[in-house]
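Visitor:
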Amino acid sequence: MADLVELWQQCGREKALSPGEVLCRQGEVSDGAYYVKRGRLGVYREDQGFSYLLSEIVPGNLVGELGATTGWSRTATVKAEEESCVIHISEADFRRLLKESPALAADVICQVGERLTHGDVARVTLGRSYRQAMERVRALRSEKERLEELLRLREELADMIVHDLRNPLGVISSGMELLEGELDVETKSEYVDSLMETMGRSVWRMQRLVETLLDIARLEEGKIALRLAPVDVTALIEEVVTEERHLAENHGVSLESLLPADIPLAMADRDVVQRMLINLLDNALKFTPRGGRVWVDVQPRGEQIQVEVVDTGPGIPPEERERIFEKFTQAQGQAEPRRGLGLGLTFCRMAVEAHGGCIWVEDGLQGRGSCFIFTLPEAQGDVGR
Numbered sequence: 216m217a218d219l220v221e222l223w224q225q226c227g228r229e230k231a232l233s234p235g236e237v238l239c240r241q242g243e244v245s246d247g248a249y250y251v252k253r254g255r256l257g258v259y260r261e262d263q264g265f266s267y268l269l270s271e272i273v274p275g276n277l278v279g280e281l282g283a284t285t286g287w288s289r290t291a292t293v294k295a296e297e298e299s300c301v302i303h304i305s306e307a308d309f310r311r312l313l314k315e316s317p318a319l320a321a322d323v324i325c326q327v328g329e330r331l332t333h334g335d336v337a338r339v340t341l342g343r344s345y346r347q348a349m350e351r352v353r354a355l356r357s358e359k360e361r362l363e364e365l366l367r368l369r370e371e372l373a374d375m376i377v378h379d380l381r382n383p384l385g386v387i388s389s390g391m392e393l394l395e396g397e398l399d400v401e402t403k404s405e406y407v408d409s410l411m412e413t414m415g416r417s418v419w420r421m422q423r424l425v426e427t428l429l430d431i432a433r434l435e436e437g438k439i440a441l442r443l444a445p446v447d448v449t450a451l452i453e454e455v456v457t458e459e460r461h462l463a464e465n466h467g468v469s470l471e472s473l474l475p476a477d478i479p480l481a482m483a484d485r486d487v488v489q490r491m492l493i494n495l496l497d498n499a500l501k502f503t504p505r506g507g508r509v510w511v512d513v514q515p516r517g518e519q520i521q522v523e524v525v526d527t528g529p530g531i532p533p534e535e536r537e538r539i540f541e542k543f544t545q546a547q548g549q550a551e552p553r554r555g556l557g558l559g560l561t562f563c564r565m566a567v568e569a570h571g572g573c574i575w576v577e578d579g580l581q582g583r584g585s586c587f588i589f590t591l592p593e594a595q596g597d598v599g600r
């Protein structure tokens, strides 16, 4: 081998290459062969603007010998991967040396043979990888189709709930009003009163669910029109907190509002914001254990009004804090399962975003519980309270 290197050096000339420097380019006419004396070269196949590394050439090996032998154009691009040195020999000298030195010819044949063998192995490996990749793609496509089907069925279920329950609920509600009017006040027992009250609350809860589903669908389709007007957020919070206080008492939870003076008016749809507050407070009260505390705070933040609903419940893990705002989703890992379809927070997110605000959740006070925060745009101009 040493004799071949010496022979090569006698007939050729050295060429130094910097990292990234191209030695020969794919498609160019061959100008001879190269012997790698030092460094490392990469052989790249270029296709549709992309380069693929085919192999690496290390010292003691030839590159370009096929083109120098056949006269074909370069089939790949060769460039230095690091500081390198090669010995270049012209095509004519290379062919002459092959005739004069059988040892050189045998060495070239061996190197070409090894390269072809490696190419076969690479093709087999690539083919196996391609088949595995295609199987994975098919599996993912099937999985995607299954997920799409589940989403479609879920939406159909939501539509069914809306359309198949809305009218019957209206009939039940009207029937209860008529029944209430027919009952004799003097003879009506406390049991009947309690039963009617329970039925009324159940119908109201179901009607709220149906309306939430309808509103979410409208928000998704951009068909809901917000009735924007200046809103006194502090007064609205106080009103909602007063309405929710009986629920807090039933849960054994303290409910309060922390409302500083001189909070600017918000530009919002009052009814929509009211439903958002009710949803957030219902959630906070539902997940806060007896003896716990829930409160609402509001503060101006630049040109936004920021509302916070804070509780001392179990809190929400960081990895769940984005997911809980998706439809039909509830936080995982709660100590006990809770009823509900997981729509309230979805409505809140979509309603806030329709106002141009944001909603998110953080840890509560001193890392305990949850703090749901949403923003609304401040009413601009000289708007009185």
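Residue numbers (the working numbering): 216 to 600.
The beta carbon of each residue, even a glycine, is placed where N, CA and C say it ideally should be.
The structure displayed is predicted, hence computed values, not measured ones.
#1: In three-state terms, what does DSSP make of Gln-521?
#2: Give the secondary structure of Glu-577 by DSSP, where H, G and I count as helix, E and B as strand, and everything else as coil.
#3: Along the chain, where does the alpha helix (DSSP H) containing Arg-253 start, and where does it finish?
#4: With the cut-off set at 8 Å, would you say Ala-481 and Leu-591 are in Cβ contact?
#5: Would you kindly work out how many angstroms separate the C-alpha atoms of Ile-478 and Met-411, rounded to a whole number?
#6: Among the candidates Phe-587, Leu-500, Ile-493, Arg-240, whose CA atom is the shortest distance from the CA of Glu-464?
#7: Out of Arg-505, Lys-230, Asp-512, point me to the one whose CA is closest to Gly-467's CA.
#8: Per DSSP, which one or two residues make a beta bridge with Gln-514?
#9: For Lys-542, which residues in the same chain have their Cβ closer than 6 Å to its Cβ, ignoring the five residues on either side in sequence?
#10: Three or more beta-carbon pairs under 8 Å between the segment 530-538 and the segment 443-461, yes or no?
#11: In three-state DSSP terms, what is Gly-572?
#12: Measuring alpha carbon to alpha carbon, tell me which of Gln-514, Val-522, Arg-508, Thr-503 ends up nearest Val-488.
#13: Thinking C-beta only, is Gly-275 closer than 8 Å to Tyr-249?
#14: What residues in its chain sit with their C-beta under 6 Å from that of Gly-555, if we drop five residues either side in the sequence?
#15: Taking DSSP as the reference, what is the three-state secondary structure of Leu-277?
#16: Do the segment 231-244 and the segment 307-318 make contact, defined as three or more Cβ pairs closer than 8 Å?
#17: Nearest to Phe-309 by alpha carbon, out of Trp-575, Thr-503, Gly-227?
#18: Ignoring anything shorter than 3 residues, give me the beta strand (DSSP E) runs that lie fully in the segment 432-515, in order along the chain.
#19: According to DSSP, which residues form a beta bridge with Val-418?
#20: Nearest by alpha-carbon distance to Glu-518: which of Gln-595, Ala-354, Arg-416, Tyr-259 is it?
#21: Which class does Arg-423 belong to by DSSP, given the choice of helix, strand or coil?
#22: What does the alpha-carbon distance come out to for the pair Asp-484 and Glu-363?
#23: From Met-391 to Leu-384, what distance separates their C-alpha atoms?
#24: Which residues mark the beginning and the end of the beta strand (DSSP E) in which Ala-295 is found?
#25: Could you give the distance in angstroms between the alpha-carbon of Ala-550 and the alpha-carbon of Pro-234?
#26: Can you tell which of Val-446, Val-524, Ile-520, Leu-429 has the C-alpha that lies nearest to the C-alpha of Leu-470?
#27: Can you tell me whether DSSP reads Glu-541 as helix, strand or coil?
#28: Judging by CA-CA distance, which residue of Lys-252, Glu-296, Ser-388 is the nearest neighbour of Asn-271?
#29: Between which two residues does the beta strand (DSSP E) containing Arg-260 stretch?
Guide: The short version:
#1: Within the sequence shown, the letter at position 306 stands for residue 521. It is a strand residue.
#2: One-based indexing of the sequence shown puts residue 577 at position 362. It is a strand residue.
#3: Counted from its first residue, the sequence shown places residue 253 at position 38. Careful: Arg-253 lies outside any alpha helix (DSSP H), inside the beta strand (DSSP E) at 248-253.
#4: Taking the sequence shown and counting its residues from 1, the one referred to as residue 481 is at position 266. Taking the sequence shown and counting its residues from 1, the one referred to as residue 591 is at position 376. Contact: yes.
#5: Here residue 478 is taken as the residue at index 263 of the sequence shown, counted from 1. Here residue 411 is taken as the residue at index 196 of the sequence shown, counted from 1. Distance between the alpha carbons of Ile-478 and Met-411: 41 Å.
#6: Mapped onto the sequence shown, residue 464 falls at position 249. Of Phe-587, Leu-500, Ile-493, Arg-240, the residue nearest in Cα terms is Leu-500.
#7: By 1-based counting over the sequence shown, the position of residue 467 is 252. The shortest C-alpha separation from Gly-467 is found at Arg-505.
#8: The residue you call residue 514 lines up with position 299 of the sequence shown. Gln-514 is bridged to Gln-521.
#9: Taking the sequence shown and counting its residues from 1, one reaches residue 542 at position 327. Same-chain partners within the cutoff: Thr-561.
#10: no
#11: Taking the first residue of the sequence shown as 1, we reach residue 572 at position 357. DSSP places Gly-572 in coil when its eight states are reduced to three.
#12: Position 273 of the sequence shown, counting from 1, holds the residue named residue 488. Of the candidates Gln-514, Val-522, Arg-508, Thr-503, the one whose C-alpha sits nearest the C-alpha of Val-488 is Val-522.
#13: The sequence position of residue 249 within the sequence shown is 34, counting from 1. The sequence position of residue 275 within the sequence shown is 60, counting from 1. No; because the gap between Cβ atoms is not below 8 Å, this pair is not in contact.
#14: Your numbering for residue 555 matches position 340 in the sequence shown. Interpretation of Gly-555 is limited by its pLDDT of 48, a score under 50 that renders its predicted location unreliable; the figure taken from the coordinates is listed afterwards. There are no such residues.
#15: Mapped onto the sequence shown, residue 277 falls at position 62. Looking at Leu-277 - three-state DSSP - the assignment turns out to be strand.
#16: no
#17: Looking up residue 309 in the sequence shown gives position 94. Here the closest residue by C-alpha is Gly-227.
#18: 444-446, 469-473, 481-483
#19: The residue you call residue 418 lines up with position 203 of the sequence shown. Beta-bridge pairing links Val-418 to no other residue.
#20: Within the sequence shown, the letter at position 303 stands for residue 518. The residue with the shortest Cα to Cα distance from Glu-518 is Gln-595.
#21: Residue mapping note: residue 423 aligns to position 208 of the sequence shown, counting from 1. Reduced to three states, the DSSP call for Arg-423 is helix.
#22: Translated into positions along the sequence shown, residue 484 becomes position 269. Translated into positions along the sequence shown, residue 363 becomes position 148. Rounded to whole angstroms, Asp-484 to Glu-363 spans 34 Å at the Cα level.
#23: As a first step, residue 391 must be located in the sequence shown, where it is residue number 176. As a first step, residue 384 must be located in the sequence shown, where it is residue number 169. Going from the Cα of Met-391 to the Cα of Leu-384 covers about 10 Å.
#24: Working through the sequence shown from its first residue, we reach residue 295 at position 80. Taken as a continuous stretch (DSSP letters only), the beta strand (DSSP E) holding Ala-295 covers 292-295.
#25: Against the sequence shown, residue 550 aligns to sequence position 335. Against the sequence shown, residue 234 aligns to sequence position 19. Residue confidence is low: Ala-550 scores 46 on pLDDT, short of 50, so the model does not pin down where it sits. Its coordinate-derived value is still stated next. Roughly 60 Å separates the two Cα atoms.
#26: Residue 470 sits at position 255 when you count from the first residue of the sequence shown. Of the candidates Val-446, Val-524, Ile-520, Leu-429, the one whose C-alpha sits nearest the C-alpha of Leu-470 is Val-524.
#27: For this step, residue 541 is matched to residue 326 along the sequence shown. Coil, per DSSP.
#28: As a working mapping, residue 271 is identified with position 56 in the sequence shown. Looking at the sequence shown, residue 271 is not Asn but Glu. That would be Glu-296, whose Cα lies nearest to the Cα of Glu-271.
#29: Your numbering for residue 260 matches position 45 in the sequence shown. That run of the beta strand (DSSP E) goes 256-262.
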